[in-house]
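Notes follow the structure.
Protein chains: 2
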Amino acid sequence: MKIRTPADLGAVIRDRRQQLKLDQAGFAEKIGVSRKWVIEIERGHPRAELGLVLRALDALDLVLDAGTGTARPRKASAVDIDAIVAKAKKGKT
Amino acid sequence: MKIRTPADLGAVIRDRRQQLKLDQAGFAEKIGVSRKWVIEIERGHPRAELGLVLRALDALDLVLDAGTGTARPRKASAVDIDAIVAKAKKGKT
DNA sequence: ACAAAAAGTCACCGATCGTTTACATTTCGC
DNA sequence: GCGAAATGTAAACGATCGGTGACTTTTTGT
Numbered sequence: 001m002k003i004r005t006p007a008d009l010g011a012v013i014r015d016r017r018q019q020l021k022l023d024q025a026g027f028a029e030k031i032g033v034s035r036k037w038v039i040e041i042e043r044g045h046p047r048a049e050l051g052l053v054l055r056a057l058d059a060l061d062l063v064l065d066a067g068t069g070t071a072r073p074r075k076a077s078a079v080d081i082d083a084i085v086a087k088a089k090k091g092k093t
Numbered sequence: 001m002k003i004r005t006p007a008d009l010g011a012v013i014r015d016r017r018q019q020l021k022l023d024q025a026g027f028a029e030k031i032g033v034s035r036k037w038v039i040e041i042e043r044g045h046p047r048a049e050l051g052l053v054l055r056a057l058d059a060l061d062l063v064l065d066a067g068t069g070t071a072r073p074r075k076a077s078a079v080d081i082d083a084i085v086a087k088a089k090k091g092k093t
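In the order they appear, the protein sequences are chains A and B. What the first sequence shows, in the working numbering, is residues 1 to 93, in sequence order. What the second sequence shows, in the working numbering, is residues 1 to 93, in sequence order.
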């Protein structure tokens with residue numbers, strides 16, 4: 001599942017939590033937050049703390065992967081010419 | 001890049017920002033936060049707001065994808081028997 | 001239908017967020 | 001080596017987080 005908004009994140013967490021047959025209380029305890037926090041996250045609370053969110057995902061055995069959104073314009077030279085030239089000028093190989 | 005900690009997130013953001021040749025000020029303005037916020041996020045601040053983080057990633061054209069961390073134990077029945085049986089009993093198809 | 005479990009709501013509170021403005025330090029081109 | 005641009009620090013401040021505990025509503029099992 002792609003996550004672009006807090007609501008997306010909430011949905012992912014809730015789905016996975018239920019898949020694992022955990023109730024909010026058990027889940028909250030597992031990640032060390034209050035039950036209130038779980039309720040709010042699943043609701044899509046946009047101001048939740050990053051660290052707690054990552055702990056939650058970890059507890060659900062979920063891992064985030066960041067990738068460029070651009071469909072498939074892949075190929076456009078994996079090398080950054082500018083950067084290489086700049087370094088060359090500096091003599092840094 | 002897999003993101004498991006706030007520091008991972010910070011690294012991903014910083015790398016991508018530089019790839020895009022944006023300075024902190026420009027980046028901050030683009031996502032509507034203070035420059036300080038950018039500095040802290042790139043440092044791995046664990047209590048950053050989820051919403052702002054998502055806006056930042058979006059501005060960098062990065063998308064998060066949540067996947068189960070378990071290497072490849074894929075296969076274990078994609079169907080949740082219990083859930084299906086439960087629903088059947090309730091008559092919900 | 002009923003009781004129990006799970007989920008959601010409320011008010012209060014200390015802690016910390018993110019903003020702003022100004023200054024300090026580091027990095028870069030030339 | 002200079003000067004400018006980029007990056008990092010600091011202090012003050014209003015706003016909001018997340019925790020707790022008690023209560024209400026919804027869902028679930030039988």
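Every residue, glycine too, gets a C-beta built ideally from N, C-alpha and C.
Residue contact check for B:V53 against chain A: a CB pair falls below 8 Å.
For A:K30, the CB contacts under 8 Å within the same chain, skipping 5 residues up- and downstream, are L22, A59 in chain order. Nearest C-alpha to A:I39 among A:V63, A:T5, A:A28: A:A28. A straight-line Cα-Cα distance of about 10 Å links A:L9 and A:P46. B:R43 does not reach chain A, its nearest Cβ partner there being about 12 Å away, counting only Cβ pairs nearer than 9 Å. For A:R4, the chain B residues whose C-beta falls within less than 8 Å of its own C-beta are L54, D58, V63, L64, listed in chain order. In the DSSP annotation of this structure, A:A48 is not part of any alpha helix (DSSP H), being labelled neither H nor E. DSSP, read as helix, strand or coil, puts A:D58 in helix.
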